[in-house]
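Data first, discussion second: the structure below is written as structure tokens.
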Amino acid sequence: MDKYYLTTPIYYVNAQPHVGHVYTTVAADVLARWERFLGKEVFFLTGADEHGSKVAAAADQAGLSPQELVDQTVQRYLDLWKLLEIKFDRFIRTTEAEHQKIIQSIFSALQRNGDIYPGVYEGHYCVPCERYLAPAEGIDCADCGRPTEKLSEETYFFRLSRYQERLKEHFVKNPEFIQPERIRDEVTNMLSDPLPDLSLTRRCRWGVPLPEGVAGSGLTIYVWFDALLNYLSGVNYNPLSPAETDQGKLFQRFWPPDVQLVGKDIIRFHHIIWPAILMALNLPLPKKVFGHGWWLSGNEKMSKSKGNVVEPFDFCSRYGSEALRYFLLAEVPFGMDGNFTEDAFRKRYNSDLANDLGNLIHRFNHLIRTNFGGKVPAPQDGGILARKTTGLLPALTQKMENLDFFGFLETLREVVSTGNHYLDEEAPWRKGPNSGPALYNLTETSRILSIYLEPVLPRTAALIRRQLGLMDLPTGKEALTWGLTKPGTIVTKAPPLFPRIK
Ligand SMILES: [Zn+2]
3 MDKYYLTTPI
13 YYVNAQPHVG
23 HVYTTVAADV
33 LARWERFLGK
43 EVFFLTGADE
53 HGSKVAAAAD
63 QAGLSPQELV
73 DQTVQRYLDL
83 WKLLEIKFDR
93 FIRTTEAEHQ
103 KIIQSIFSAL
113 QRNGDIYPGV
123 YEGHYCVPCE
133 RYLAPAEGID
143 CADCGRPTEK
153 LSEETYFFRL
163 SRYQERLKEH
173 FVKNPEFIQP
183 ERIRDEVTNM
193 LSDPLPDLSL
203 TRRCRWGVPL
213 PEGVAGSGLT
223 IYVWFDALLN
233 YLSGVNYNPL
243 SPAETDQGKL
253 FQRFWPPDVQ
263 LVGKDIIRFH
273 HIIWPAILMA
283 LNLPLPKKVF
293 GHGWWLSGNE
303 KMSKSKGNVV
313 EPFDFCSRYG
323 SEALRYFLLA
333 EVPFGMDGNF
343 TEDAFRKRYN
353 SDLANDLGNL
363 IHRFNHLIRT
373 NFGGKVPAPQ
383 DGGILARKTT
393 GLLPALTQKM
403 ENLDFFGFLE
413 TLREVVSTGN
423 HYLDEEAPWR
433 KGPNSGPALY
443 NLTETSRILS
453 IYLEPVLPRT
463 AALIRRQLGL
473 MDLPTGKEAL
483 TWGLTKPGTI
493 VTKAPPLFPR
503 IK
């Protein structure tokens, strides 16, 4: 069986989850469900990034210990993922003892081969962004615009400079590594100047301690190094005890990642620093690291101070989590920025989900119940609907491989729209000789549609199958054959899948 290893970034838990976190995680969940459907063994890793001075500061402000704060915030994430039907295989937390041990042993391994060395760091440091500025950046942080502090301290450096040429080569030989294509130049340009070595420690009380025997009192491991390595510790990688152990098996089975999803604001960490660390560890690199766009609100970046943050719990409670999953992927192509407005959300909900999909199912379900005693009539020729729905798999697979959720859903919308036209044209309410077969074809189309929609709309897909009496039929690739619905299957009345929003 083929394997598929997929990750999201682990989210920084100094604040509550927002729609940006939902976006990445829903996209990952859709990919994971799709690959499971194709028959692959999937490992979907997500989690929480729990260290660093921002977390310590947020805890101070809330009158909690850092651990209490992260425990509370992580619970919010877990609640949200449950609400959104996110089926991850592991939720890793960087405060787990096992993760911290792995970080320390990776640190030691890199130190032994000369990729980590002691030195003194002098420069400007941005506390909110937890990063040192490059000398050319001046004194204000280029990321957040805030003034920075000048620091001079003992540290340990990661020899990033050693990997500059190898990174360049890798990018040329593996164009798939940097996705989408439109960010490739931006990433490649990061290598046009010499890469400075990376300071790997911070004077921060809330972090992974340096390995035993490594001098540096008061220093902890840089939170980004700690966080990036979750993709290794998440599959139990350990440089000291490789494959023989049971734990090593997970790493052996799934490494390297097939797809890593990240927001476009953290591509430097994921396209430069992360692969360099893997090169230093002599490990194969991920096949694809995809930097997706941002959701803006009223065309501005969402921020608490502007009061334009889309609150995911609130949206789910008002419109349902399925509609939120759908909107995020159907509204804009994955690599682009989108503008999240409630108005756009309601429009798309009403047109795609209420009027098109929901109405299609409701209309023919109603006709089967009123004109055929609630039993699916016998088939004849599948006609245009059979042609439209069978044979979609290669195109849809291609779209998922390209992370083109937008195109994937567009294709399925065409099926729905063909179904609605077919229903209008066949007009089975007139009870002509073709009424029965037409209703059969609509049932069959909806069954196959439910299989394809499942990754994006898992609950809706199940509700469609339930009301059409199709729960016992297969849901894997074998379900795509036309004609599996048995005539006589009992159709039941069900509430609208997506009640129209007024
Ligand atoms: Zn900053």
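Residue numbers for the sequence shown, in my numbering: 3 to 504. Think of the CB as a built atom: it goes at the ideal place given N, C-alpha and C, for glycine as much as any other residue. What you are looking at is a predicted structure, and each value in this text was computed from that prediction instead of being measured.
- Rounded to the nearest angstrom, the gap between the Cα atoms of Val32 and Pro476 is 19 Å.
- With a threshold of 7 Å, the Cβ atom of Arg148 counts as near ligand 1, since some heavy atom of the ligand is closer than that.
- When the beta-carbon positions are compared, Glu446 and Thr487 come within less than 8 Å of each other.
- Closest by C-alpha distance to Gly300, out of Asp73, Glu124 and Glu344, is Glu344.
- Annotation: Lys349 to Tyr424 spans about 24 Å, alpha carbon to alpha carbon.
- By the Cβ criterion, the region 180 to 197 is in contact with the region 260 to 280, since at least three pairs of Cβ atoms, one from each stretch, lie closer than 8 Å.
- The count of Cβ pairs closer than 8 Å, one atom from the region 274 to 288 and one from the region 131 to 140, stays below three, leaving the stretches out of contact.
- Not one heavy atom of ligand 1 is found less than 7 Å from the C-beta of Cys206.
- Straight through space, the alpha carbons of Phe374 and Pro435 are spaced by roughly 13 Å.
- Two segments are said to touch when three or more pairs of C-beta atoms, one from each, lie closer than 8 Å; by this definition the region 374 to 391 does not touch the region 326 to 336.
- At a threshold of 7 Å, Asp145 counts as near ligand 1, since its beta carbon sits closer than that to one of the ligand's heavy atoms.
- Ser219 and Ser110 have their C-alpha atoms some 17 Å from each other.
- By the Cβ test, the region 11 to 30 is in contact with the region 42 to 60, since at least three Cβ pairs between them sit closer than 8 Å.
- For Asp354 and His364, the gap between their C-alpha atoms comes out near 14 Å.
- With fewer than 16 neighbouring CB atoms inside 10 Å of its own CB, Gly65 falls in the exposed class.
- Gly376 sits away from Ile466, with the two beta carbons spaced by 8 Å or more.
- The region 81 to 100 makes no contact with the region 118 to 130: fewer than 3 CB pairs, one atom from each, lie closer than 8 Å.
- Positions of the alpha helix (DSSP H) runs, each at least 4 residues long and wholly inside the region 105 to 143, cannot be given because no such run exists.
- A straight-line Cα-Cα distance of about 9 Å links Leu398 and Leu414.
- In terms of side-chain proximity, the C-beta atom of Pro137 is found no nearer than 7 Å to any non-hydrogen atom of ligand 1.
- Taken in chain order, the complete alpha helix (DSSP H) segments of 4 or more residues contained in the region 303 to 336 are 314 to 321 and 323 to 333.
- In this structure, Pro286 is the residue among Pro286, Ser305, Gly265 and Ile268 with its C-alpha nearest to the C-alpha of Gln254.
- CA-to-CA, the gap between Asn238 and Ile450 works out to about 38 Å.
- Look at the beta carbons and you see the region 256 to 266 touching the region 5 to 24: at least three pairs across the two are nearer than 8 Å.
- Counting C-beta atoms within 10 angstroms of its own C-beta, Lys504 has fewer than 16 neighbours from the protein chains shown and is therefore classed as exposed.
- With a threshold of 16 other beta carbon atoms within 10 Å, Ser448 meets it and is buried.
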